[in-house]
Amino acid sequence: MTALDLDLDQVAAIAIGAAVLALIGLVLVIVLTTRIRRMRRQYVVLQQGDDGQSFLDAVTRQNDDVIQMRAEVASLASAVQTLRVDLADAIRHVAVVRYDAFNDMGGRMSFSAALLDDAGDGVVISSINGRTETRTYAKGVKGGMSEADLSPEEVQVIGYARASHPRS
């Protein structure tokens, strides 16, 4: 017996092994073909959305919208910051104290009013009411203080106005 002379049992074993391998290959081909068909159907669904727009087009459009919205938010944040700076300079803190400037007068007809911004800058206005005349004074305020002498009522009204300052 030579190397080329094979036994009938060996040939049968090789044939069976080849048939098994072919069957396994056929099963794998069927499984993979089924998966590829399923993936193609899903791909078609992605390519053709309900409104005729592909999934990729929808994602691209959505991404563009997000980029545009981020730019708008950045613009709005800048505008808000500008408004905060402007608002800090606005007269927002106001207080009024009424009092009797003279012992013989009643009704608390005299008053002091403080009009301040966030830094405590502004003006305090006082109106002193007497029997025969009324005098009105305005004094500048810088940082809650004034270069002019302040009456106790003016100091009090500046304190009230500054107390209305929102805490950071």
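Residues 1 to 168 in this note's numbering are what the sequence shown spells out, letter by letter. The beta-carbon is built from N, C-alpha and C at its ideal position, and this holds for glycine as well.
Item: Separation of residue 62 from residue 53, as counted between CA atoms; Value: 12 Å
Item: Contact under 9 Å by Cβ, residue 111 with residue 123; Value: no
Item: Residue 66 versus residue 85: straight-line alpha-carbon distance, rounded; Value: 29 Å
Item: Terminal residues of the alpha helix (DSSP H) in which residue 78 lies; Value: 55 to 88
Item: Residues near residue 148 by beta carbon distance below 7 Å, same chain, minus five either side; Value: 139
Item: Cβ neighbour criterion (16 or more within 10 Å) applied to residue 72; Value: exposed
Item: Cβ distance (whole Å) where residue 141 is taken to contact residue 114 below 8 Å; Value: 7 Å
Item: Residue 118 beta carbon less than 9 Å from that of residue 93; Value: yes
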